[in-house]
Structure formats: C-alpha cells, structure tokens
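Protein chains in written order, with our numbering: chain A, 1 to 102; chain B, 103 to 204.
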C-alpha cells in the first residue's frame with residue numbers, strides 16, 4: 001500500500017486526480033473545482049504529481065502563455081485503480097450519508 | 103469519488119486502514135506502525151473512522167482495561183476497494199522508485 005499512499009496521500013491529491021481525469025485543464029480551472037485550496041498548495045501538489053510521473057505539464061507558447069495539466073499514461077493507470085474507491089463510495093452512499101461530518 | 107475521499111482522505115487514514123486490515127490492534131500497536139503520528143492525531147483519525155462506520159472500537163473490561171480497534175464489515179469492503187491501489191503500487195514499483203521524494 002505504502003507506494004500508492006506516497007503518491008496520492010494527503011488532503012488534495014485524490015481530489016486532484018479526480019479533476020485531472022476529465023482531461024487537460026488549466027491551473028485556474030483546477031483551483032475553481034478544488035474548493036478551498038490555496039494557489040501555493042495546489043502548485044506544490046501538481047509539482048509533486050509531476051515529479052511522480054503522474055501529471056504532465058504542457059506549456060503552449062502563446063501570448064499570453066498557456067499551461068495545461070493532464071494525466072500521463074502512468075497517471076491513467078492510477079486513475080483506474082482509484083475507480084474502485086469511487087465505486088465503493090457510490091455503493092455505500094446511503095450507509096455513509098448522515099455518518100460523515102459536514 | 104468525493105465520498106471515498108471524505109472517508110479516507112488526509113495524511114493518515116489510508117495508512118491506518120492498512121494497519122487495521124491485519125486484524126484487531128491496540129492503540130499503542132497502531133502508533134508504533136504509523137511512524138511519526140502524534141497521539142492526538144491518531145485518536146482523532148480513529149474517532150473519525152469510527153464515526154464513518156469503518157472502524158469498530160471494542161473495550162474489554164479487564165484490569166487494566168484493554169481497547170482494540172478493528173475494521174467493521176463496511177470497513178472490510180473499503181479495504182477491498184483500496185486493494186486496487188496497493189496492486190497499482192506493486193505493479194509500478196520500479197517506475198516509481200527514484201521518482202518519489204525521500
């Protein structure tokens with residue numbers, strides 16, 4: 001388990017994987033979807049996922065320059081593994097509702 | 103995804119699931135296996151997992167009293183879902199090694 005935790009552990013990385021799975025996104029788009037994340041923390045998490053080979057950062061030399069983040073092939077395999085967790089949440093939605101703190 | 107993240111998001115919960123999957127354990131045993139967690143943070147994480155219906159806390163009325171933590175049936179299903187992540191880590195161990203920060 002510990003390797004996967006090293007990669008997606010922490011408060012934001014699983015949320016981030018979820019947003020990135022929808023396709024290439026810009027920094028501002030990600031930030032709007034991750035309610036409450038600071039610019040600094042988001043940038044740090046993206047850098048860490050890039051260093052792990054999970055996220056690809058593409059710089060388009062336009063004016064102004066555009067940067068898009070997406071999952072690498074390795075990131076896509078991680079996303080598949082995370083799908084089991086999503087299914088679990090869906091399957092136990094009623095059981096969990098009301099138990100989770102607001 | 104968000105329901106599962108609500109349950110196991112954060113720095114320690116996935117580690118905790120991993121330790122609890124091995125069977126009923128006492129607080130001190132868990133703490134020794136989760137290197138670096140404080141008593142306060144571990145207690146809080148256990149309480150949250152108990153509130154989510156993932157962890158069962160059993161008090162044995164011995165002298166001194168003994169408390170053991172284990173996964174509930176719901177917790178066992180979550181553990182199964184997490185197994186895909188463990189497999190992913192094993193399958194990509196070489197690819198990840200060296201990339202992850204120490």
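We put the CB at the ideal spot given by N, CA and C, even for glycine.
Counting only C-beta atoms, is residue i closer than 8 Å to chain B at any point?
i	result
residue 52 of chain A	yes
residue 84 of chain A	yes
residue 71 of chain A	no
Would you please state the rounded distance, in angstroms, between the beta carbons of residue i and residue j? I believe it to be under 8 Å.
i	j	result
residue 52 of chain A	residue 202 of chain B	6 Å
residue 181 of chain B	residue 116 of chain B	Going by Cβ atoms, the distance from residue 181 of chain B to residue 116 of chain B rounds to 10 Å, so no, they are not a contact pair.
residue 3 of chain A	residue 195 of chain B	6 Å
residue 28 of chain A	residue 55 of chain A	So it is not a contact: roughly 16 Å between Cβ atoms.
residue 198 of chain B	residue 7 of chain A	7 Å
residue 24 of chain A	residue 60 of chain A	No, residue 24 of chain A and residue 60 of chain A are not in contact; Cβ-Cβ is about 10 Å, not under 8 Å.
residue 168 of chain B	residue 128 of chain B	7 Å
Going along chain A, which residues have a C-beta under 8 Å from residue i?
i	result
residue 189 of chain B	81
With 8 Å set as the bound, which would you pick, yes or no: does the beta-carbon of residue i sit closer than that to a beta-carbon of chain A?
i	result
residue 179 of chain B	yes
residue 202 of chain B	yes
Identify the contact partners of residue i in chain B, using a Cβ-Cβ distance below 8 Å as the criterion.
i	result
residue 95 of chain A	155, 176
Let me know the secondary structure DSSP gives residue i once reduced to three states.
i	result
residue 165 of chain B	coil
residue 194 of chain B	coil
residue 55 of chain A	strand
residue 22 of chain A	coil
residue 10 of chain A	strand
residue 202 of chain B	coil
residue 136 of chain B	coil
Taking 7 Å as the cut-off, does the CB of residue i come closer than this to any heavy atom belonging to the ligand SAH?
i	result
residue 139 of chain B	This structure lacks the ligand SAH; in fact it carries no ligand of any kind.
Comparing the C-beta of residue i with each C-beta of chain C, is any distance below 8 Å?
i	result
residue 22 of chain A	Within the model displayed, chain C is absent; protein chains A and B are what it includes.
| task | Check distances from the C-beta atoms of the region 2 to 15 of chain A to those of chain B and list, in chain order, the residues that come in under 8 Å. | result | 2, 3, 4, 5, 6, 7, 8, 9, 10, 11, 14, 15
| message | So if I threshold CB-CB distances at 8 Å, which residues from the region 129 to 161 of chain B count as touching chain A? | response | 150, 153, 154, 155
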